[in-house]
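Take my numbering: the final residue in the sequence shown is number 1348, and no numbers are missing along the way.
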Amino acid sequence: TRVVEELFTAYFEEEKDITSHEVLQQAGERAGLDAAEVRDWLASDKGGPEVDREVASAKSQFISGVPNFTVQEKYVIEGAEDPSAFVQIFERLKAGEAQGGERNLGQTC
């Protein structure tokens, strides 16, 4: 989404602290969100429980960094891997489908 793009820009290109409410406010506004709504949302506890659940889920799966890609809940690619890692996984999946073993259940990356 546009907000995520703005946060990535702030963190990776501008070296800003994206835990700062000021930086979050700016990112939201640059993404086209209403300034008052962003301010109110940041002042509330909205989103906190959801983030806590996602962090707990990541920890339970031993995910410790980003990026992290999990394909069909079976194959995991962590960090800045070469694109060939994805190709290997997709080839394994394709071979499994041809043999009637693994099946693509409609999940996508």
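In this text, a Cβ means the ideal position worked out from N, Cα and C, and glycines have one as well.
It should be emphasised that the depicted structure is a prediction, and the values quoted were computed from it without experimental measurement.
- Annotation: the continuous alpha helix (DSSP H) that includes Val1242 extends over Arg1241 to Phe1247.
- In this structure Ile1316 is in contact with Phe1325, their Cβ atoms being roughly 7 Å apart against a cut-off of 8 Å.
- By alpha-carbon distance to Gln1264, the top candidate from Gly1271, Asp1256, Thr1240 and Arg1278 is Arg1278.
- Looking at Asn1307, Glu1276 and Gln1300, the one whose alpha-carbon comes closest to that of Asp1321 is Asn1307.
- If you ignore the 5 residues before and after Gly1304, its C-beta comes within less than 8 Å of the C-beta of Glu1317 and Gly1318, all in its own chain and listed in chain order.
- In the displayed model, Glu1289 falls within a helix according to three-state DSSP.
- When secondary structure is reduced to three states using DSSP, Glu1320 falls in the coil class, being assigned neither helix nor strand.
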